[in-house]
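First residue of the sequence shown: 10, per the numbering used here; consecutive thereafter. Heads up: the structure comes next, in structure tokens.
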Amino acid sequence: MPAAALAPEVLAKYEPVIGLEVHVQLLTATKAFCGCANHFGSAPNTNICPVCLGLPGALPVLNAKAVEFATLASLAINCQVRERSIFARKNYFYPDLPKGYQISQYDKPIAEHGFIDVPTADGTMKRIGVTRLHMEEDAGKSLHDGFPDSATRTYLDLNRCGTPLVEIVSEPDIRTPDEAFEYLTRLKEILLYTAVSDCNMEEGSLRCDANVSVRLKGAEKSGPRSKSRTSTASALSVWRSNTRSNARSR
Ligand SMILES: [Zn+2]
Numbered sequence: 010m011p012a013a014a015l016a017p018e019v020l021a022k023y024e025p026v027i028g029l030e031v032h033v034q035l036l037t038a039t040k041a042f043c044g045c046a047n048h049f050g051s052a053p054n055t056n057i058c059p060v061c062l063g064l065p066g067a068l069p070v071l072n073a074k075a076v077e078f079a080t081l082a083s084l085a086i087n088c089q090v091r092e093r094s095i096f097a098r099k100n101y102f103y104p105d106l107p108k109g110y111q112i113s114q115y116d117k118p119i120a121e122h123g124f125i126d127v128p129t130a131d132g133t134m135k136r137i138g139v140t141r142l143h144m145e146e147d148a149g150k151s152l153h154d155g156f157p158d159s160a161t162r163t164y165l166d167l168n169r170c171g172t173p174l175v176e177i178v179s180e181p182d183i184r185t186p187d188e189a190f191e192y193l194t195r196l197k198e199i200l201l202y203t204a205v206s207d208c209n210m211e212e213g214s215l216r217c218d219a220n221v222s223v224r225l226k227g228a229e230k231s232g233p234r235s236k237s238r239t240s241t242a243s244a245l246s247v248w249r250s251n252t253r254s255n256a257r258s259r
């Protein structure tokens with residue numbers, strides 16, 4: 010439901026508290042922990058090896074270029090790059106993650122404590138905090154349609170397994186859909202300028218999850234959080250009121 014459809018007395022009483030988690034694929038030639046090509050659009054299951062499939066005995070070797078790009082992105086969003094950061098296994102099973110864990114960063118991410126300044130409706134600038142930027146690997150892709158037997162089967166393309174990602178987590182500083190739009194627009198501009206990603210939303214290079222809660226205006230504590238997993242493109246079209254064009258979203 011667009012914000013404009015809410016009753017004015019509701020809008021006057023409550024405010025949303027929004028934090029964004031943005032996943033960005035890095036433009037490296039090879040994957041995060043193996044020598045497979047990091048390339049979108051190859052024939053299914055051709056850019057894979059024992060490492061990115063997590064077969065027994067395979068040992069990941071970190072791609073230096075991915076670290077360089079993550080560092081560049083961190084500095085461009087005013088983060089402090091840690092002297093020491095650590096990778097961790099995030100264990101979960103999903104059909105497109107057959108090895109049963111994702112290599113990610115947990116309590117020692119590569120960078121923390123950044124910010125992005127965004128323009129607001131009254132012409133001033135507002136600082137949105139960036140909690141952390143951490144490195145991780147992407148999972149494969151489940152294909153639920155497009156095949157003659159898609160009604161009964163799901164196909165798996167594991168080419169994306171091991172694609173280097175950075176996840177950029179904002180502080181819950183965003184209060185309006187327009188601020189969320191401006192934050193994502195600025196972040197995308199910065200990532201494109203630093204050339205660490207092509208930010209191609211159609212190919213999944215830039216994806217956004219929103220953590221949204223609602224609280225009484227001016228209250229210190231937020232209500233229960235609701236996580237909305239969506240593409241940046243659809244998030245923007247939902248969030249933006251119809252009165253403003255999407256022309257600034259490149
Ligand atoms: Zn591989």
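Every residue gets a Cβ at the ideal spot worked out from N, C-alpha and C, and that includes glycine.
Residues sharing a beta bridge with S165, DSSP:
In the sequence as displayed, the identity of residue 165 is Leu instead of Ser. S151, per the DSSP bridge assignment.
Less than 6 Å between the CB of V60 and some heavy atom of ligand 1, yes or no?
yes
Cβ-based neighbour list, H122, same chain, cut-off 7 Å, excluding 5 preceding and 5 following:
C88 and Q89
Helix, strand or coil for C88, going by three-state DSSP, please let me know.
coil
Kindly identify the DSSP beta-bridge partner or partners of F124.
G138
Length at least 3, wholly inside the region 182-231: the beta strand (DSSP E) runs in chain order:
215-225
As assigned by DSSP and simplified to three states, the class of P65:
coil
So A21 is in the alpha helix (DSSP H); what residue range does that whole segment cover?
P17 to K22
Check whether the region 100-111 and the region 71-91 touch, using three or more Cβ-Cβ pairs below 8 Å as the test.
no
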